[in-house]
Amino acid sequence: PPSLRDAPPTETLLSEVFVTGKSQLIQRLDKDSQHMEDVPAAMYSVTIESVQAGRLGVLAIGNWQNPNAFDEEDQKLLVAVGEQAAIAIDNARMIKALEEQETRLEFQNQMLAQQNQELESQRQQVLRQNEELESQRQQVLRQNVQLLEAARLKSQFLATMSHELRTPMNAVIGFSQLLLRQRQNSLIPQQVDMVQRILNNGKNLLTLINEILDLSKIEAGRLELKLEKFNLVKLLRATVEELRSLAEEKHLELNIKADLQNPNVSNDSVRLRQIVVNLLSNAIKFTESGKVQVEVKEISSEQLAIIVKDTGIGIAQEDLEHIFEEFRQIDQTTTRKYSGTGLGLAITESLVKLMQGTITVESQLGVGSTFRIELPRQVPADAPCKCSPSAKPGNNATASPSVPSCSHQLNHCNGLKVSAQNGSVSSESLQGSGIGKILY
């Protein structure tokens, strides 16, 4: 017999069972009805109800021969089969879902394993990098210790050597000045010129020694300011007068312009004078004609400005950013016209910073340069007066007593006082010089 699937008239009956959810027993009693030949003589249908998914479909059985083929037991059996079918379908769906979940979990586990492997590789790489960084850090620490020790030894060496060099250099300068004062009695013009050269070169060398020592102290953080109250205008006027002879030799106009209602300041007069001398000396050295001017004025009641202006050769724009570097000179050639060590401006900038101030420069080639220093009227006593906050306090190095400072004694005893610790000046070297005696 044909199956129920192939019996079109049964589709309506099955649809009705699915929609209503009620079991149906259909019996066809008229066996001769031709239009019912595709309908089973007996058909019993029940719905398949899933606990999880609800109504899934209809389960039906049919018999084309016997309208009474299905009794109550058959109907119960079909209901039980429908229930088992629903359970089987639910189980199949659950198994499929579990398999899909297992597949996803397996894929996720593979991804996690791969990520864990990558993380482990990264962890090992980080560990290696940390070991390398630690090794580099230890190496840097060792190098820092070595550099600090080298800096300490260098500073100690420079301090010792500067003392050893300045002691005989002061004697050379003093002897030269003494010979020049006595030239009318003992020296011919050629000898006077030679002694004058000795004196000039001795002073230049002493200046160089002092600059190197200052630079060493600045680098080591041992240079301190000795604060005191003084008249700034008087200090500037005195400094200008000291350098006036250098300007007059080049026929330059050197003047000072002071516009201060209150000229009193609190600062280190020695170091401030050193700053002004450095700037004025450079201005005079690099100016062939025209004038050099130093000006001091008030910016506010607590701030002052010192301006050094010249009509010299000027500085190229590309060189301006380098002029405060150590040993930096505009003309680096071996045949340069202007002498110098390149330390003056570097020391000047460090001293200005030490005084809680600023220094700036404006310049144009062929026109001139203007250096502007802005300083507090009173450097705070509790301000960090060292070039390095980690440095221990140290005293400023002072030169051995200079020979010229004892000129008043020479006038009375016709002798020379020489301070020569760890150095020596033999009396035999003075024989025939006309010097009567030496005071040690």
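Per our numbering, residue -17 is the first one in the sequence shown, and the count goes up by one each step. Beta carbons: idealized from backbone N, C-alpha and C, even for Gly. Computed from a predicted model, the values in this text were never measured in an experiment.
Checking the DSSP bridge columns, you'll see residue 345 partnered with 351. Annotation: residue 164 to residue 277 spans about 40 Å, alpha carbon to alpha carbon. The shortest C-alpha to C-alpha distance from residue 147 to any of 193, 297 and 83 is the one to 193. By the Cβ neighbour-count rule, residue 241 is exposed, with fewer than 16 other Cβ atoms within 10 Å of its own. The C-alpha of residue 359 is placed about 11 Å away from the C-alpha of residue 250.
For residue 261, the closest alpha carbon among the candidates 288, 152 and 182 is that of 288.
With fewer than 16 other Cβ atoms inside 10 Å of its own Cβ, residue 175 counts as exposed.
Going by DSSP, residue 241 is part of the beta strand (DSSP E) stretching over 235 to 241. Counting C-beta pairs closer than 8 Å gives fewer than three between the stretch 204 to 218 and the stretch 178 to 195, which falls short of the contact rule.
If you keep only unbroken alpha helix (DSSP H) runs of at least 4 residues inside the stretch 100 to 176, you get 165 to 168. The alpha carbon of residue 352 has as its nearest neighbour, out of 290, 329 and 362, the alpha carbon of 290. For residue 330, same chain residues with a beta-carbon under 6 Å away, outside a window of 5 residues either side, are 257 and 260 in chain order. Annotation for residue 279: no alpha helix (DSSP H) segment contains it, though the beta strand (DSSP E) segment containing it runs 273 to 282.
Closest in C-alpha terms to residue 183, from the list 159, 199, 136 and 325, comes 159. According to the DSSP secondary-structure assignment, residue 247 is paired through a beta bridge with 212.
In the three-state scheme derived from DSSP, where H, G and I count as helix and E and B as strand, residue 196 is classed as helix. A residue is called buried once 16 or more other Cβ atoms fall within 10 Å of its Cβ, and residue 126, having fewer, is exposed.
Following the DSSP letters along the chain, one finds residue 299 inside the alpha helix (DSSP H) bounded by residues 299 to 302.
For residue 142, the closest of 154, 94, 198 and 122 by C-alpha to C-alpha distance is 198. Of the candidates 130, 104 and 347, the residue whose Cα lies closest to the Cα of residue 201 is 130. Membership of residue 291 in the beta strand (DSSP E) is indicated by the continuous run 285 to 292.
By the CB criterion at 8 Å, residue 285 and residue 356 fall inside the cutoff. Non-local beta-carbon contacts of residue 40 in its own chain, meaning distances under 6 Å to residues more than five positions away in sequence, involve -4, -1, 0, 27 and 29 in chain order.
Burial check for residue 98: the Cβ neighbour count within 10 Å stays below 16, so the residue is exposed. DSSP, read as helix, strand or coil, puts residue 360 in strand. When 252, 247, 253 and 295 are compared, the shortest CA-CA separation from residue 266 is found for 295.
With respect to the 8 Å criterion, residue 361 and residue 227 are not classified as neighbours on the basis of their beta carbons.
With respect to the C-alpha of residue 307, the residue from 293, 328, 34 and 204 having the closest C-alpha is 328. For residue 331, the uninterrupted alpha helix (DSSP H) run begins and ends at 326 to 336, by DSSP. Of the residues assessed, residue 22 falls on the buried side of the cut-off, its CB having 16 or more other CB atoms within 10 angstroms. In the three-state reduction of the DSSP assignment, residue 296 falls in the coil class, being assigned neither a helical nor a strand state. Only residues of its own chain outside the window of five on either side were considered, and among them 295, 296, 297 and 298 have a CB closer than 8 Å to the CB of residue 347, listed in chain order. CA-CA distance, residue 335 to residue 341, rounds to 8 Å. Residue 65 carries a helical assignment under DSSP once its states are collapsed to helix, strand and coil. Per the C-alpha coordinates, the member of 93, 269, 215 and 114 positioned closest to residue 246 is 215. The beta carbon of residue 281 lies closer than 7 Å to those of 287 and 356 in the same chain, with the five residues before and after it left out.
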